[in-house]
Amino acid sequence: MTEFEENLVAMLDELRGAPGIEVDIDNQGDIADEFGDAESAFQLVADWFDMPLRSSLQRCYMRFSQFWCHWRYEAGGVAFPGEMRMSYLLAALGTPTPPLASASSSTSERQLYEQLRVLDDRPESGTGALAAIRLQPSVDSPEIWYYDPAHGTFKMDVDYCQYLDAILVTKGTSGWQYLFTEAPLASREFVGSATNLKSMLEVFPEVFPAHDYEPLRQRLSERL
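Under the numbering used here, the residues of the sequence shown are numbered 546 to 769, in order.
And the structure:
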């Protein structure tokens, strides 16, 4: 396995062994190695999608056909869920995103939705929320967007590797992506996500002391 694949597997081990967390979906798919190493796969991204990704993004190369985990924390009167479902980059880029536009969507929104490809979604949670990578020719570090039917679409302040790095720390806590957007978390419509994030930052520093949660705590403070 690549170093990042090992990090993802280690994250699952952390969740399985954590007090208060029940993991009810734990699906680590096969490794899709037919596209070779990171350098070879990135060359295919350039050839097939006209995106010459910068070499620094190769550090988070992962090849799982599916990496899916759904869990719930409940202890001491605190409860919150988490989920992630991801696949390797070439599969994500080559799979059209389900229709996201509605009758009220603007022309620019429709154009954006056509360029998005699912990077990470939450099928068990059933919210329809997903993170997506934007397919744009000649871009070496594609944009990452977060879509939630309840709140709309938000550009995230992360690149591809930074998104995956955040997964390792947040474990896919519901709504964690909002910490990297301009979403108004202090508003009433985001109370559910804000509560989840507060709970995560109360619990995880004790449950997962090997990770640094101070940067996420600062991000939440800036948005409340």
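Cβ coordinates follow ideal geometry from the N, Cα and C atoms, glycine included.
None of these values were measured; they are calculated from a predicted model.
Burial state of residue i, where buried means 16 or more other Cβ atoms lie within 10 Å
i           : result
residue 704 : buried
residue 593 : exposed
residue 726 : buried
residue 515 : With the chain covering only 546 through 769, there is no way to say anything about residue 515.
residue 561 : exposed
residue 630 : buried
residue 555 : exposed
residue 769 : exposed
residue 736 : exposed
residue 739 : buried
residue 648 : exposed
7 Å Cβ shell around residue i - same chain, five flanking residues per side excluded
i           : result
residue 587 : 598 and 603
residue 673 : 694
residue 688 : 679 and 700
residue 668 : 630
residue 572 : 611 and 613
residue 722 : 676, 691 and 701
residue 652 : none
residue 706 : 602, 604 and 605
residue 712 : 629
Proximity test, Cβ basis, 7 Å: residue i and chain B
i           : result
residue 615 : Protein chains in the displayed structure number just one, and chain B is not present.
Segment limits, alpha helix (DSSP H) that includes residue i
i           : result
residue 587 : 583-594
residue 655 : 652-660
residue 675 : That residue, residue 675, is in no alpha helix (DSSP H); its beta strand (DSSP E) goes 675-679.
residue 712 : 705-715
residue 642 : Counting along the chain, residue 642 falls outside any alpha helix (DSSP H), and DSSP gives it neither H nor E.
residue 737 : 736-752
residue 558 : 548-562
residue 763 : 759-768
Enclosing beta strand (DSSP E) for residue i [first to last residue]
i           : result
residue 614 : 612-620
residue 624 : 623-631
residue 569 : 566-573
residue 699 : 697-700
residue 689 : 689-693
Residue i Cβ short of 6 Å to the ligand FAD heavy atom set
i           : result
residue 614 : By its list of ligands, the structure shown contains no ligand whatsoever, and the ligand FAD lies outside what it can speak to.
Proximity to residue i [Cα-Cα], best of the options
i           : options               : result
residue 552 : 756, 761, 767 and 651 : 756
residue 782 : 685, 661, 686 and 683 : With the chain running from 546 to 769 in the structure shown, residue 782 is simply not present.
residue 570 : 766, 612, 548 and 582 : 612
residue 636 : 615, 578, 547 and 655 : 578
residue 576 : 608, 753, 732 and 639 : 608
residue 681 : 639, 697, 644 and 709 : 639
Same chain, Cβ closer than 6 Å to residue i, neighbours up to 5 away in sequence not counted
i           : result
residue 596 : 590 and 684
residue 670 : 628
residue 686 : 599 and 704
Residues of its chain near residue i, where Cβ-Cβ distance is below 8 Å and the 5 sequence neighbours each way are ignored
i           : result
residue 642 : 658, 661, 662, 663, 675 and 677
residue 731 : 739, 768 and 769
On the three-pair Cβ rule with 8 Å, is the segment 741-752 touching the segment 709-722? yes
Counting Cβ pairs closer than 8 Å, one from the segment 578-594 and one from the segment 615-624, do we hit at least three? no
Determine, using beta-carbon pairs with one atom in the segment 621-636 and one in the segment 718-738, whether at least three such pairs fall under 8 Å. yes
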